[in-house]
Amino acid sequence: MPAILYSEVRKGMVIIEDGQLYYVVGRELKTPGNLPSKLWLKIKNLKTGFVQDVRVHPEDKVEKAYLETREMQYLYKDGSEFVFMDLETYDQISLSEDMVGELMPYLKENEKASVTFHEGKPLSLELPASVELEVVDTEPSLKGATAAAQYKPATLETGLKISVPPFINIGDRIVVDTREGKYLSRAKE
Numbered sequence: 024m025p026a027i028l029y030s031e032v033r034k035g036m037v038i039i040e041d042g043q044l045y046y047v048v049g050r051e052l053k054t055p056g057n058l059p060s061k062l063w064l065k066i067k068n069l070k071t072g073f074v075q076d077v078r079v080h081p082e083d084k085v086e087k088a089y090l091e092t093r094e095m096q097y098l099y100k101d102g103s104e105f106v107f108m109d110l111e112t113y114d115q116i117s118l119s120e121d122m123v124g125e126l127m128p129y130l131k132e133n134e135k136a137s138v139t140f141h142e143g144k145p146l147s148l149e150l151p152a153s154v155e156l157e158v159v160d161t162e163p164s165l166k167g168a169t170a171a172a173q174y175k176p177a178t179l180e181t182g183l184k185i186s187v188p189p190f191i192n193i194g195d196r197i198v199v200d201t202r203e204g205k206y207l208s209r210a211k212e
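Numbering (the working numbering), first residue to last: 24 to 212.
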């Protein structure tokens, strides 16, 4: 892998430091008086999730990581593993519960997702901004319920529990925001 100068590192890049992958969250160049400039980087360890601030010399070199993102399709859960299929090559890979993490309640069979790889190893999973899920349990809607923001609890087909408007019934398909876990709208038929 080619090395680049720290001065070329930008927010959003992934660098390799001491054999670990780090996502660059932020950067700031400081030049105190007559002293040489220092570059402050805020980096996140992609394995542990630990975020730290580091001070480096802009003329020092660092290794840039090259990542590949592939479109995958979620097939099924096998014990504690989630099996995905590459939509281009039809190869199957398994991702651990740790990697899927808080995205589990939004995953249903045949759902598409993006998996980021580094040197053939999966690093992260990203779902679309919203997914369509079916309501399997909620309180019945009351006749004459107003359009005021009075939400009621609902359980979705994946087990996710969210608040929905009073006009949503069991069997309705709704659109859910995967970043915030909130109801967005009824699904278009």
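For glycine and all other residues, C-beta sits at the position ideal for the given N, C-alpha and C.
| Check | Outcome |
| --- | --- |
| To the nearest whole angstrom, what separates the beta carbons of residue 137 and residue 120, a pair I think is in contact under 8 angstroms? | The Cβ separation is near 19 angstroms, so there is no contact. |
| Tell me where the beta strand (DSSP E) around residue 160 begins and ends. | 153-161 |
| Inspect the CB distances between the region 97-115 and the region 61-73 and report whether three or more fall short of 8 angstroms. | no |
| Mind checking which residues open and close the alpha helix (DSSP H) that includes residue 122? | 120-123 |
| Assuming contact is defined by CB atoms lying nearer than 9 angstroms, are residue 201 and residue 151 in contact in what I supplied? | yes |
| According to DSSP, simplified to helix, strand and coil, what is residue 180? | coil |
| Assign residue 113 to buried or exposed, taking buried as 16 or more other Cβ atoms, counted over all protein chains shown, within 10 Å of its Cβ. | exposed |
| On the three-state DSSP scale, how would you describe residue 127? | helix |
| Identify, in the order they occur along the chain, each residue of the same chain with its Cβ nearer than 6 angstroms to the Cβ of residue 98, setting aside the five sequence neighbours on each side. | 106 and 108 |
| Give me, in chain order, the residues of the same chain whose beta-carbon lies closer than 6 angstroms to that of residue 78; leave out the 5 immediate sequence neighbours on both sides. | 61 and 63 |
| For the beta strand (DSSP E) containing residue 101, name the first residue and the last one. | 91-101 |
| Using the C-alpha atoms, what's the distance from residue 182 back to residue 75? | 35 angstroms |
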